[in-house]
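Take -7 as the starting number for the sequence shown in the working numbering and just add one per residue.
This report concerns only the one structure given below.
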Amino acid sequence: MGMRMKAFFGKNIALRREIMINDHLLARGIRDQAVLKAMREVPREAFVAAGMEELAYEDHPLPIGEGQTISQPYMVAYMAESLELSPADRVLEIGTGSGYAAAVLSRIVDTVRTVERIAVLVENARKRLEMLGYTNVHVLEGDGTLGWPEHAPYDAIVVTAGAPDLPRPLLMQLSVGGRLVIPVGATPYLQMLVRVRRVGEGEYRSEDLFPVRFVPLIGAAGWRESHEAG
Ligand code: SAM
-7 MGMRMKAFFG
3 KNIALRREIM
13 INDHLLARGI
23 RDQAVLKAMR
33 EVPREAFVAA
43 GMEELAYEDH
53 PLPIGEGQTI
63 SQPYMVAYMA
73 ESLELSPADR
83 VLEIGTGSGY
93 AAAVLSRIVD
103 TVRTVERIAV
113 LVENARKRLE
123 MLGYTNVHVL
133 EGDGTLGWPE
143 HAPYDAIVVT
153 AGAPDLPRPL
163 LMQLSVGGRL
173 VIPVGATPYL
183 QMLVRVRRVG
193 EGEYRSEDLF
203 PVRFVPLIGA
213 AGWRESHEAG
C-alpha cells in the first residue's frame, strides 16, 4: 500500500470496523456485549497478510499462507459467544492461525492458550500478539488434538478446524461446567458446529449449532495429513 493510500485507509478503519460490527455481527444476532466490545478493540487488519488490509473488514475468511485462513469475523464472534465466557475463564483454542481469534478471546477472559501445528504460523502469530501487547495469550506449537494438558482443565475450548469426531483429549481437559465448541464432520471440509458441555465428571451433553466449512483438523485425534488441501 502506498503512503497516500495508507493515510486514507487509516482514517476509514474505525468506520469500517464499526460497519462490520453493525452489518455482520449485530444484524446477524450477536448479542454478547463482551464479544462485541472485543471485536471493536482488536485490529483485524494487523492479522491479515500484507496487502490484504483493505479486505480486513469484509465478512470473509482470508488466506494467511500455508493453505490456511483467518476465519470470517462473524464466525469468530459467533464461536466466542457460543462459549458463554466469563471474565475469570481460562480458555484453550486449537488452531491459532493468524492469532486473531485468540486476541479477541483475550479481551474477554483471563487467559488464552492456543495451539498451532504449523511452525511459521506459530512464529508469525507469536510476533504479532507480542507486538500488539496481548500478554495473556500463550502460543504452543504442536498437535492441538491432544490439547495442552499441562494447563488443564479449561473453562472453554474452541477448535477452529474441522474434526472427524470429538477429540477425547479435549473432552478430558474440560472442567466440569466447561464448554467445547468444535466443527465436526464426516468429510474434511464440511462440518456441523457442535457445543459440548461437561455436565459431570463423566457426563457430556452435545448440541448442534449450525453447518460450517473449516479447514481440516490434522492430528492424532483428527484427520490424517493426506486430507490437507493443496
Ligand atoms: N483461529 C484462526 C485465526 O483467527 O486466524 C483461524 C484458524 S484456521 C481456520 C485453522 C488453523 O488450525 C490452521 O492454522 C491450521 O494449521 C490449524 N490446525 C489444523 N490442525 C491442527 C492441529 N491438530 N493442532 C493445531 N492446529 C491445527
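Even for Gly, the Cβ is constructed at its ideal location relative to N, Cα and C.
It should be emphasised that the depicted structure is a prediction, and the values quoted were computed from it without experimental measurement.
Ranked by how close their Cα comes to the Cα of V191, the residues V176, V168 and L172 have V168 in first place. Rounded to the nearest whole angstrom, the CA to CA distance from Q183 to I174 is 9 Å. Taking non-hydrogen atoms of the ligand SAM into account, the C-beta of A93 is found less than 7 Å away from one of them.
Within 10 angstroms of the beta-carbon of D157 lie fewer than 16 other beta-carbons, which makes it exposed. From the listed residues G170, V204 and A30, the smallest Cα separation to V83 is found for G170. When the five nearest sequence neighbours on each side are left out, the beta carbons in the same chain lying within less than 8 Å of the beta carbon of R32 are those of R9, E10 and I13, in order along the chain. In the structure shown, V27 adopts helical secondary structure according to DSSP, grouped into three states.
Residue burial annotation: V114 is buried, with at least 16 other C-beta atoms found within 10 angstroms of its C-beta. I210 carries a strand assignment under DSSP once its states are collapsed to helix, strand and coil. Every beta strand (DSSP E) of 3 residues or more that sits fully in the stretch 92 to 127 is shown, in chain order, as 103 to 108. In the DSSP annotation of this structure, the continuous segment of the alpha helix (DSSP H) that includes P65 starts and ends at P65 to S74.
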